[in-house]
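Visitor: There's a structure below that I have some questions on.
Residue numbers (this note's numbering): 533 to 876.
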């Protein structure tokens, strides 16, 4: 191996002093560094087990799980036609495709149509901007925006209407729901809990994911209502309530994707996402909970992406590694489920 590296080193030197040097003279706006060509020389002293390891092992650099049973064709199959059924889960379903528009009746009829066509996924609700910003549909500031980019939800009665098609083997204890909303997330969570109680369904049987990521709203989207300090207090209350009463409901879906789409670089996307996660973890611990009680219910709404495949692979590996180490070394997590990044 040492002899091979020496041969490569000599060949590389000849290449850099010959073909590469001539090419750079022809294209002076390029630099040697920007034209770097990697070889085994760049891996001298590289410790595979320390830097990468195997999928599903701490710090999960190579992958969150040993295998990804819902990746690729399996995931596409579960979503095909909006069916959303989870293989091997006894008829339980995941949330269907992101949707919602108009009045609660409009969205109800849309979901009813999906079910009539064989769909089995639970609602993956998009809310209109007045609802996202905490305004009733009859507020003057809501004029012209009601039902435009999602469904309007003002009261518990609206949620009851939306969920009318979900009964029997598609009742709330059989489906999963997603709520893409942040500032009023605790209100929507409360409505869902009240709906379940009215149907006699225990809260511990509910499965759902509220986005509930208010901090990214201040830097990426803008649908916040209160100053950050008070918004975090509301987040804390939802975190504690879900942890104590709804063990199968995720607490947050942290939105690095939105940050990238708002103009952040790849590095800024990762930095802001990790900083936001740290703040939510801190809030939970300061509320008196052990991190292993709630961190397994943190999810990430992806991190955005680009067509620079190798850089995006490095990004994902860095994110998994950083998050795992933050949980173990900074917050004292002992449960590996707490250390795993789970992405939507």
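Ideal Cβ positions, reconstructed from N, Cα and C, are used throughout, including at glycine. Here the structure is a predicted model, which is why all the values come from computation and not from measurement.
Would you kindly work out how many angstroms separate the C-alpha atoms of residue 642 and residue 556, rounded to a whole number?
Guide: Stepping through the chain shown from its first residue, residue 642 is reached at position 110. Stepping through the chain shown from its first residue, residue 556 is reached at position 24. Approximately 60 Å between the Cα atoms of the pair.
Visitor: When you compare only the Cα positions, how much space is there between residue 550 and residue 565?
Guide: In the chain shown, residue 550 corresponds to position 18, counting from 1. In the chain shown, residue 565 corresponds to position 33, counting from 1. Cα to Cα, residue 550 sits roughly 16 Å from residue 565.
Visitor: Applying the 10 Å Cβ sphere with the 16-neighbour rule, what's the burial state of residue 570?
Guide: For the purposes of this step, residue 570 is taken as the residue at position 38 of the chain shown. Result: exposed.
Visitor: Please name the residue in 750, 659, 774 whose C-alpha comes closest to that of residue 787.
Guide: One-based indexing of the chain shown puts residue 787 at position 255. When each option's Cα is compared against that of residue 787, the closest is 750.
Visitor: Are residue 720 and residue 742 touching if we call contact CB-CB under 9 Å?
Guide: The residue labelled residue 720 in the question sits at position 188 within the chain shown. The residue labelled residue 742 in the question sits at position 210 within the chain shown. Against a cut-off of 9 Å, the Cβ pair of residue 742 and residue 720 comes out as a contact.
Visitor: Thinking residue 832 and residue 873 are a contact (beta carbons under 8 Å), I'd like their distance in whole angstroms, please.
Guide: By 1-based counting over the chain shown, the position of residue 832 is 300. By 1-based counting over the chain shown, the position of residue 873 is 341. Between residue 873 and residue 832 the Cβ distance is about 6 Å, and since that is below 8 Å, they are a contact.
Visitor: Would you identify the three-state DSSP class for residue 552, choosing helix, strand or coil?
Guide: By 1-based counting over the chain shown, the position of residue 552 is 20. Helix, per DSSP.
Visitor: Near residue 630, what residues of its chain come up, given a Cβ to Cβ distance below 6 Å and the 5 sequence neighbours on each side ignored?
Guide: Position 98 of the chain shown, counting from 1, holds the residue named residue 630. Hits under 6 Å: 656, 658.
Visitor: State the DSSP-derived secondary structure class of residue 711, mapped to helix, strand or coil.
Guide: The residue given as residue 711 occupies position 179 in the chain shown. In this structure, residue 711 counts as strand in the three-state DSSP scheme.
Visitor: Please report the distance separating the alpha-carbon of residue 693 from that of residue 700.
Guide: Here residue 693 corresponds to residue number 161 of the chain shown, with the count starting at 1. Here residue 700 corresponds to residue number 168 of the chain shown, with the count starting at 1. Looking at the two C-alpha atoms, the distance is approximately 16 Å.
Visitor: Taking the alpha-carbon of residue 662 as reference, which of 681, 545, 649, 574 has the nearest alpha-carbon?
Guide: What you label residue 662 is simply residue 130 of the chain shown in a count that begins at 1. Nearest of 681, 545, 649, 574 to residue 662, Cα basis: 681.
Visitor: Quick check on this structure: which residue in 670, 818, 875, 732 has the alpha carbon closest to the alpha carbon of residue 852?
Guide: Against the chain shown, residue 852 aligns to sequence position 320. It is 875.
Visitor: Would you tell me roughly how many angstroms separate the C-alpha atoms of residue 591 and residue 823, rounded to the nearest one?
Guide: By 1-based counting over the chain shown, the position of residue 591 is 59. By 1-based counting over the chain shown, the position of residue 823 is 291. If you take the alpha carbons of residue 591 and residue 823, they lie about 17 Å apart.
Visitor: Express the C-alpha separation of residue 573 and residue 540 in angstroms, rounding to a whole number.
Guide: Within the chain shown, the letter at position 8 stands for residue 540. Within the chain shown, the letter at position 41 stands for residue 573. The straight-line gap from Cα to Cα measures roughly 7 Å.
Visitor: Tell me the residue span of the beta strand (DSSP E) that contains residue 802.
Guide: Within the chain shown, the letter at position 270 stands for residue 802. No beta strand (DSSP E) contains residue 802, which is instead part of the alpha helix (DSSP H) from 798 to 818.
Visitor: Tell me the residue span of the alpha helix (DSSP H) that contains residue 775.
Guide: As a first step, residue 775 must be located in the chain shown, where it is residue number 243. First-last of the alpha helix (DSSP H) with residue 775: 760 to 777.
Visitor: Which stretch, first to last residue, makes up the alpha helix (DSSP H) that contains residue 658?
Guide: The sequence position of residue 658 within the chain shown is 126, counting from 1. Premise fails: residue 658 lies in the beta strand (DSSP E), 656 to 658, not in any alpha helix (DSSP H).
Visitor: Quick one: give me the first and last residue of the alpha helix (DSSP H) that residue 693 is part of.
Guide: The residue labelled residue 693 in the question sits at position 161 within the chain shown. Residues 688 to 694.
Visitor: For the segment 697 to 716 against the segment 743 to 763, are there 3 or more C-beta pairs whose distance is under 8 Å?
Guide: Enough Cβ pairs lie closer than 8 Å, so yes.
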